[in-house]
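A quick write-up on the structure given underneath.
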Amino acid sequence: LLEGILHHLGQWFSKRKKKALFDALEKVKSELMTLGFISLLLTVTARYISRICIPAGAAHTMLPCKLSRSSEHGEGHGRRHLSEEPANFSCPKGMVSLVSTDGLHQLHIFVFFLAVFHVTFSAITMSLGRAKTRIWKEWEKDTSSITYEFSADPSKFRLTHQTSFVRQHASCWSKSTIMLYVVSFFRQFFRSVRRTDYLTLRHGFIAAHLSPGTRFNFRKYIKRSLQDDFKTVVGISPPLWASALAVMLFNVHGWHNLFWFSTIPLVVILAIGTKLQAIIARMAVEITEKHTVIQGMPVVKLSDEHFWFGKPHMVLHLIHFALFQVSLSTGLNYFEKTDLHLDLNCVH
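Residue numbers 4 to 351, in our numbering, belong to the letters of the sequence shown in order.
Have a look at this one:
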């Protein structure tokens, strides 16, 4: 069923010539193949892993939940999954299995839910981004109006501080770096991209990359860029898998680390939103510092230096990391609640 859905979805993307989304779908298929390989690997090696014995004291440390008395005495639930342990196999006295077959089965389920949650949240983020760009459709239409052509007339001189873009972003508070970031932090919650911002950024992009007076649909360009970025965030790279292992390792009962791990995506997203708002404000300040009088619309010049460490792609990687951490936190919470509901042992 899933294969059929993905096949028809791929045909629909190809028919509509949505190459970026088709490539993203191919990446999803690749992730599913990786998931299948992990599942097969767990199935094949379950019996051998369950035969690895460790001291009981080490097995009862850094557990994600409170150790019950039955667990301390090694009482199990008698469940078997994936592959059965040999009935005649037992660890020496004072030793227990590193991971039981039941624990491997739970790990198998968790990896599946983690991948599903990540793809789902990535698709939701993509949908929200497309919904945001729909608002800009009317703004793009306005660029064909006589009013816009008059305001962008290069023969028209204006004082820099009288332009709408500069008035909105460059004021007394923008002279202080600290105040600029404080205002940018709160501005991201209220009309993060205004009509003036869109038109000014559009004008700056055309001035930098196209000939003056070129008819260009800036909204469609952003839409295509969003689809290209989706190919990146929908995947799960080895560093992200490593971060998942670190979170699971330090998810110890009593440490409340899961709560703090859950706040990381929020902090990252708020930091990105603040930075992007600060970049817009910084470009407005740069216009006032370089020009007293301008012709037509103000021309903003975005460069790599505006971003952290001069790397614009770092923003996309941070968004990717935040999305994965949200999926990981959701998966852990969902899995733990389901685990308690099924009355499974949290040990191994």
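From the three backbone atoms N, C-alpha and C, an ideal C-beta is built for every residue, glycine too.
Values in this document were obtained by computation on a predicted structure and should not be read as measured data.
Helix, strand or coil at residue i according to DSSP, with G and I counted as helix
i, result
"P89", "Model confidence at P89 stands at a pLDDT of 47, short of 50, so the residue's coordinates are unreliable; what they give is reported in the following sentence. P89 falls in the coil class under three-state DSSP."
"F168", "helix"
"P315", "coil"
"C94", "coil"
"T48", "helix"
"L305", "coil"
"L343", "Annotation note: pLDDT 45 at L343 (below 50); position unreliable, no value reported."
"T217", "coil"
"K21", "coil"
"A173", "coil"
"V255", "coil"
"F324", "helix"
"F310", "coil"
"S358", "It is not possible to answer for residue 358, since the shown part of the chain is limited to 4 through 351."
"S33", "helix"
"F193", "coil"
Bounding residues of the alpha helix (DSSP H) (the contiguous stretch that carries residue i)
i, result
"F113", "T104 to D145"
"R198", "R198 to H212"
"F262", "N260 to K293"
"Q230", "F221 to V236"
"E152", "I149 to S154"
"V186", "T180 to R190"
"W244", "P241 to L252"
Assigned exposure category for residue i - 16 Cβ within 10 Å defines buried
i, result
"G216", "exposed"
"G313", "exposed"
"R133", "exposed"
"I353", "Shown here, the chain extends from 4 to 351; a query on residue 353 therefore has no answer."
"F262", "exposed"
"T163", "buried"
"L131", "exposed"
"A211", "exposed"
"K20", "exposed"
"S228", "exposed"
"G334", "buried"
"I8", "exposed"
"Q165", "exposed"
"K278", "buried"
"V169", "buried"
"L213", "exposed"
"H11", "exposed"
"S93", "exposed"
CB of residue i within 8 Å of CB of residue j, strictly
i, j, result
"F16", "S125", "no"
"M286", "V270", "no"
"L107", "I55", "no"
"A59", "V122", "no"
"I267", "Q191", "no"
"V237", "K30", "yes"
"T146", "S167", "no"
"A245", "S177", "no"
"I209", "F219", "yes"
"E143", "F264", "no"
"T37", "L326", "no"
"H172", "M300", "no"
"I41", "V114", "yes"
"L183", "A281", "yes"
"G13", "L35", "no"
"V318", "I290", "no"
"K135", "Q298", "no"
"Q230", "L24", "yes"
"L117", "L331", "yes"
"T235", "H111", "no"
"V296", "R161", "yes"
Start-to-end residues for the beta strand (DSSP E) that takes in residue i
i, result
"S100", "M98 to S100"
"I55", "Element bounds for I55: n/a, residue is neither H nor E."
Cross-strand partners of residue i (DSSP beta bridge)
i, result
"V296", "L162"
Cβ-heavy atom distance, residue i to the ligand ZN, below 7 Å
i, result
"G299", "Ligands in the displayed structure: none, and consequently the ligand ZN is not present."
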